[in-house]
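Here the structure comes first, spelled out in structure tokens, and everything after it is commentary.
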Amino acid sequence: MTSALWAVEIPYWGQTLLRVLGGVVAVLLPAGTIVYVFLFKMMSFMQSRLGPMEAGPYGSLQLVAEVGKWLQKEDIAPERADRFIFRLAPIVVLASTFLLVAVVPFGPDAWFTNFETGIYYAMAVSSVSVLGILMAGWASANKYSLLGGLRAAGQLIAYELPMVLAVIGVVIQAESMNLQQIVVAQNAGSIFGWDGLGNPYLLTQFVGFLIFMIAVQAELTQAPFDMPIAESELVSGYMTEYSGFRFLMFFIGEFATAGVFALIASVLFLGGWGVPFAWFGWNGIDDVDNWMNVVGPLVMFGKMMLLVFLIMWVRFSYPRFREDQLQRFAWKFLIPVSLGNIVLTAVAKVVW
Amino acid sequence: MTMLSDRQQLSYIAAQAADARVNVELETEGMTLNIGPQHPATHGTLRIIARLDGEQVVWAEPACGYMHRGYEKLAEVRTYPQVTTLVNRIDWLGSFANEVPFILAAEQLMEIEAPARAQWIRTLLFELSRIANVSLFLGDLGVQMGAITPVFMAFRDREYVLNLIEAATGGRFHPNFDRIGGLKDDLPAGFVAETRQVMKKLRNFCDEIEDLLFGNEIFQSRTRGIGVIPRDVALDYGLSGANLRASGVDWDLRRDQRLPMAWDKVDWKVWTHTDGDSFARCWVRLQETREATKLVDQLLDGLPSGPVMAKVPRIIKVPAGEAWVSTENPLGEMGYYVVSKGDLGPFRVKIRSASFNNISIVPWVLRGVYVPDIITILASLYFILGDIDR
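So the sequences go chain by chain: A and B.
When we follow the working numbering, the leftmost residue of the first sequence carries the number 7, and every step to the right adds one.
When we follow the working numbering, the leftmost residue of the second sequence carries the number 164, and every step to the right adds one.
See the structure below:
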């Protein structure tokens, strides 16, 4: 992404423009792929049907057709809605996704911002979407939306905590909150001297990984934690009154956030963009060849698809919890377990 | 009344008392939520008016009648053979089962009986429509709780049963196949072998659903101990079918009354459960679907030969009199009280449909539950809108 890749000097504004465009691509491309591969096709195969087959080869342009349909729909705001907030809400939700992707490193130089406190920032901005959801729920002037918004707020706050606590284990082990350094620490690391796999924190932080993925599932309001949307109870929850482009923004936001959270999970637990450095004899970030800036995003994309597959697999096969059961699960099970994980990690860190 | 001794009622009072302290300082307003008439969980146009305190239901009342089609009145201006076309549409998922009690009532008044083969085929189709009906319930159960995959499995396997019904009767949903004195036609060639195959598939489907849903911890935590209907209350409110059997009442009209049908000639079991909660209702229905597939297999084994139509006059005139026949339909007890004045059509028909009585318990059972539980309790009570409003 930087001048080193093309060996030409790009001015600062040019770099910024490239990064913004790259951010848009990094959010929308995975979102589209996830919708087609998992929502359209995998779900259909799990349910013994074919899914979309008409638009494009094997139905691959279905999403384009859907977007076209949504763009043509009327942008309706309910009469008693709080217009300004109603219109702002989907933008806030989508904005949180873009803010989140800003700290994800895609290669040794392919990053948008290289933050020292990257994961701290990521955890903070991921909860911005709660604001958007609450705004949508409140401003719709609809009882179902209101219930959905309230549920979403309660749920997302309850699951922020285990998520942050699960990340702390990784931070202790990597000794850094910088996502780039977490990647390097995993790929340059070794398991008791054997460096064939690097040291992906999936192995050492397995409990943390599980808690993180459960919290992600809840954060994305996917089944079994999809009470804020709950078609069979609340029609569509906070999205009930939205139509056309604004609904599309919620829809894209849902899957783009799934992709971005999977990216963050792959950085934290699967080694991110890197392959084990020992394969090519690299010792640190400075040795990494330039071509990793191209291969890195692809590696990362593969890991993201793997994690999104897990998320969607659970989503399509589980029934949903009830609100109080979900809260109980978060406060009485996930948080104590993640605290125990932190203690264990800290002790292990001191011992070795 | 029995209500105060109920566990739900007590837990609700306890919750109220605990909240009382908070409410003194933070006065909260209740909210009235209209679930329906247009709501994805109501399968049509049932409306539940619920008064909520937060997400807890203080008071709930079903408002039905949005789909009233006046079949009782319409039946008065139809001839007897024409009425089956109407009653097909009452419980639209198990249509054939609706025709049988009416035809039996007419036959009872005319004092004729269908030939043995017709009786067996009637029973066979009756059980097939039960399987078609309840298998969809099992899938729908998942979708009401947010699991979207089971419903597609249910649709997939119900399709095989519908194909069978279509092969035999020519109609997938509304067979209109039962005639006074027998059946319209005999079974088509190859039906028996095909049905055995399909019953195997349906048993697999039941296993699959049991694995996917009933064994799931989330499913169990959503249904166990939720919407408990004690035995006396169930009897008081006139529940029938699997809802009653799930409350521990061993009551099945297929076994408990003598009808000119083949149920007493095959070996099967009535499943009951003692818990009376949502899980029990779902579980009893699952077992009944399995039992029905076994029943169909036995009916195929013992199918007698002979004609499928008794000798009946070309123009059917039913002698004056009154008859009440009820059968154990997929949803519960369904009966027809037919009053005849000796004309071509009935003078008055009273239809006792199962769902109408089954949802009468809704105000009682929904009190004190949470909004998500409204949906699971309604799903487990299993009503069909056409069966409520007729």
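Note that beta-carbon positions come from the ideal geometry of N, C-alpha and C, so glycine has one too.
Counting only beta-carbon separations shorter than 7 Å, does Gln21 (chain A) have a partner in chain B? Interface criterion not met: the Cβ of Gln21 (chain A) is under 7 Å from no Cβ in chain B.
Of the choices A:Ser323, A:Asp292 and A:Gly155, whose alpha-carbon is the least far from that of Val314 (chain B)? A:Ser323
Taking the alpha carbon of Arg197 (chain B) as the point to measure from, which residue in A:Ile16, A:Asn148 and A:Leu24 has its own alpha carbon closest? It should be noted that the sequence gives Asn, not Arg, for residue 197 (chain B). Of A:Ile16, A:Asn148 and A:Leu24, the residue nearest in Cα terms is A:Asn148.
How many whole angstroms separate the CB atoms of Glu496 (chain B) and Ser503 (chain B), which I take to be in contact at a CB cut-off of 8 Å? Incorrect: roughly 22 Å between the Cβ atoms, too far for contact.
Is there at least one Cβ from chain A nearer than 7 Å to Ile547 (chain B)'s Cβ? Using a CB distance cut-off of 7 Å, Ile547 (chain B) does not count as an interface residue toward chain A.
Is it right to say Asn120 (chain A) is buried, meaning 16 or more other beta carbons lie within 10 angstroms of its own, or is it exposed? exposed
Short-range partners of chain B found in the stretch 309-322 of chain A, where Cβ spacing is below 9 Å: Those residues of the stretch 309-322 of chain A that come within reach of chain B (Cβ to Cβ, closer than 9 Å) are Arg321 and Phe322.
First and last residue of the uninterrupted alpha helix (DSSP H) at Asp464 (chain B): Ser441 to Gly465
Find the residues of chain B that neighbour Lys75 (chain A), judging by a C-beta separation of less than 8 Å, and give them in chain order. Here the premise fails: no neighbours, minimum Cβ distance about 21 Å.
Any residues in the stretch 221-234 of chain A with a beta carbon nearer than 9 Å to a beta carbon of chain B? Which ones, in chain order? Within the stretch 221-234 of chain A, the residues whose Cβ lies closer than 9 Å to some Cβ of chain B are Ala229, Pro230, Asp232 and Met233, listed in chain order.
Assuming Asn193 (chain A) and Gly175 (chain A) make a contact with CB atoms under 8 Å, what is their CB distance in whole Å? The pair is not a contact, with the Cβ atoms about 18 Å apart (cut-off 8 Å).
Which runs of the beta strand (DSSP E) at least 3 residues long sit entirely within the stretch 207-268 of chain B? Give them in chain order. 210-216 and 219-226
I'd like to know whether the C-beta atoms of Tyr140 (chain B) and Pro264 (chain B) end up nearer to each other than 7 Å. Nothing about residue 140 (chain B) can be reported from this structure: the residues present for chain B run from 164 to 553 only.
For Thr8 (chain A), three-class secondary structure by DSSP: For Thr8 (chain A), the predicted structure reports a pLDDT of 49, less than 50, and the residue's modelled location is therefore unreliable. A value from the coordinates is still provided. It is coil, neither helix nor strand.
Determine the extent of the alpha helix (DSSP H) in which Trp144 (chain A) is found, giving its start and end residues. Val134 to Ala145
Of the residues A:Arg86, A:Gly287 and A:Ile217, the one placed nearest Asn347 (chain A), counting alpha carbons only: A:Ile217
Which residue marks the beginning of the alpha helix (DSSP H) containing Gly181 (chain A), and which one marks its end? Correcting the residue type first, residue 181 (chain A) is Glu in the shown sequence and not Gly. Taken as a continuous stretch (DSSP letters only), Glu181 (chain A) belongs to no alpha helix (DSSP H), as it is neither H nor E.
How about Ile381 (chain B): is its C-beta nearer than 7 Å to some C-beta of chain A? yes
Contacting positions in the stretch 366-393 of chain B - beta carbon closer than 8 Å to chain A: Leu375, Leu376, Asn379, Ile381, Phe382, Ser384 and Arg385
Taking Cβ-Cβ distances shorter than 7 Å, what residues in chain A pair up with Met143 (chain B)? Lying outside 164 to 553, the shown extent of chain B, residue 143 (chain B) is not represented and no answer is given.
Just to make sure I have the definition right: I need the residues of chain B whose C-beta is within less than 8 Å of the C-beta of Ala236 (chain A). Which are they? Gly309 and Pro535
Would you kindly work out how many angstroms separate the C-alpha atoms of Pro53 (chain A) and Leu301 (chain B), rounded to a whole number? For the record, residue 53 (chain A) in the displayed sequence is Gln; it is not Pro. Their backbone Cα atoms lie some 15 Å apart in a straight line.
Could you pull the start and end residues of the beta strand (DSSP E) that Trp487 (chain B) belongs to? Start and end: Gly484 to Asn492.
At 4 residues or longer, what runs of the alpha helix (DSSP H) sit wholly inside the stretch 327-388 of chain B? Fully contained in the stretch 327-388 of chain B are the following alpha helix (DSSP H) runs of length 4 or more, in chain order: 354-372 and 380-386.
Starting from Lys309 (chain A), trace the beta strand (DSSP E) in both directions and tell me its first and last residue. Run containing Lys309 (chain A): none in the beta strand (DSSP E); it sits in the alpha helix (DSSP H), Met298 to Ser323.
Could you check which residue in B:Tyr234, B:Ala213, B:Glu218 and B:Leu267 has the C-alpha nearest to that of Arg252 (chain B)? Answer by Cα proximity: B:Tyr234.
Where do the N-terminal and C-terminal ends of the alpha helix (DSSP H) with Leu287 (chain B) fall, by residue? According to the DSSP assignment, Leu287 (chain B) belongs to the alpha helix (DSSP H) that extends over Ala279 to Gln307.
Quick check: what's the CA-CA separation for Phe253 (chain A) versus Gly160 (chain A)? 22 Å
Drop a sphere of 10 angstroms on the beta-carbon of Arg170 (chain B), count the other beta-carbons inside from all chains shown, and report buried for 16 or more, exposed for fewer. exposed
Please classify Ile163 (chain A): is it buried, with 16 or more other beta-carbons within 10 angstroms of its beta-carbon, or exposed? By the Cβ neighbour-count rule, Ile163 (chain A) is exposed, with fewer than 16 other Cβ atoms within 10 Å of its own.
Secondary structure of Val356 (chain A), DSSP reduced to three states: helix
For Trp283 (chain B), tell me which candidate among B:Thr312, B:Ala356, B:Ile478 and B:Leu422 has the shortest Cα-Cα distance. B:Leu422
Cut-off 8 Å between Cβ atoms - residues of its own chain near Gly404 (chain B), not counting five sequence neighbours on either side: Glu491, Asn492, Pro493, Leu494, Gly495, Glu496, Ala517 and Asn521
Kindly confirm or deny that the stretch 255-274 of chain B and the stretch 442-451 of chain B touch, where touching means at least three C-beta pairs closer than 8 Å. no
Just verifying my parser: in three-state terms, what is the DSSP assignment at Tyr545 (chain B)? coil
Could you check the C-alpha separation between Gln245 (chain B) and Phe259 (chain B) for me, to the nearest Å? Each residue's alpha carbon lies about 14 Å from the other.
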